[in-house]
Amino acid sequence: MGSQFEEHGVHPTRGGAKAMSSLLQASDLTHEDRVVWLEDPAGLDYVRQALDKTPRRRGKPRYYRDGRMVGFAELCDTSEADPDSGLQKRRVFYLLPHDRDAEPDGLYRAGAPGEAVDPRTIEPRRVGMKTERSQRGSASAARTVA
């Protein structure tokens, strides 16, 4: 199945995972098995996505950014670690303190960060997509549809 909702209980930590580019290619996601949501994505206009290197295929990876992790991908059993680092490449979904969900009239009242995608478009092995809602907000998307 595509996703699982779990109770939110995320506390930022340091170390363990390594940040990589947030501009993803489908080839980066070929070993994804499922997406796990720590928060219900239905109430979020967008989430930021990034590819991090972590020591494990499954379970919640360490989180070291500002803000909070809202979800992550788990990898299939056939996923191989990077031969140089021994780490797995996994997608994480997160929000920063100045993102639209926390500051609706702030910096991203209109527009969104480059790595932001609509969480409704996220599935294992597929790069999330930008939508009217993710780029302009739920109020704007509702006006566009009406």
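Just so we're aligned, residue 4 is where the sequence shown starts under the numbering used here, counting upward by one.
All C-beta atoms, glycine included, are put in the ideal place defined by N, C-alpha and C.
Computed from a predicted model, the values in this text were never measured in an experiment.
Give me the DSSP bridge partner(s) of residue i.
{"i": "Val73", "result": "In the DSSP output, where bridge partners are listed per residue, Val73 has none listed."}
{"i": "Arg37", "result": "Glu77"}
{"i": "Ala119", "result": "Arg51"}
{"i": "Leu98", "result": "Arg71"}
Which of the three DSSP states, helix, strand or coil, is assigned to residue i?
{"i": "Thr57", "result": "strand"}
{"i": "Arg128", "result": "coil"}
{"i": "Gln28", "result": "coil"}
{"i": "Arg51", "result": "strand"}
{"i": "Ala113", "result": "coil"}
{"i": "Arg93", "result": "strand"}
{"i": "Gly65", "result": "Note on residue identity: the sequence assigns Arg, not Gly, to residue 65. Three-state DSSP puts Arg65 in coil, outside helix and strand."}
{"i": "Pro44", "result": "helix"}
{"i": "Ser88", "result": "coil"}
{"i": "Arg136", "result": "helix"}
Can you check which of these residues, the options, is closest to residue i by C-alpha distance?
{"i": "Phe75", "options": "Asp69, Ser82, Asp55 and Gly89", "result": "Asp55"}
{"i": "Leu26", "options": "Glu106, Arg94 and Asp85", "result": "Arg94"}
{"i": "Gly62", "options": "Glu77, Met72, Asp69 and Pro127", "result": "Glu77"}
{"i": "Leu32", "options": "Met72, Arg65 and Pro127", "result": "Pro127"}
{"i": "Gln52", "options": "Gln91, Val38 and Asp87", "result": "Val38"}
{"i": "Tyr67", "options": "Leu98, Glu135 and Ala29", "result": "Leu98"}
So residue i and residue j are in contact, right, with Cβ under 8 Å, and what is the actual spacing, rounded?
{"i": "Asp43", "j": "Ser137", "result": "Not confirmed; about 16 Å, so no contact."}
{"i": "Val50", "j": "Phe96", "result": "4 Å"}
{"i": "Gly70", "j": "Pro100", "result": "5 Å"}
{"i": "Pro64", "j": "Leu90", "result": "Rounded, the Cβ-Cβ distance is 10 Å, inconsistent with contact."}
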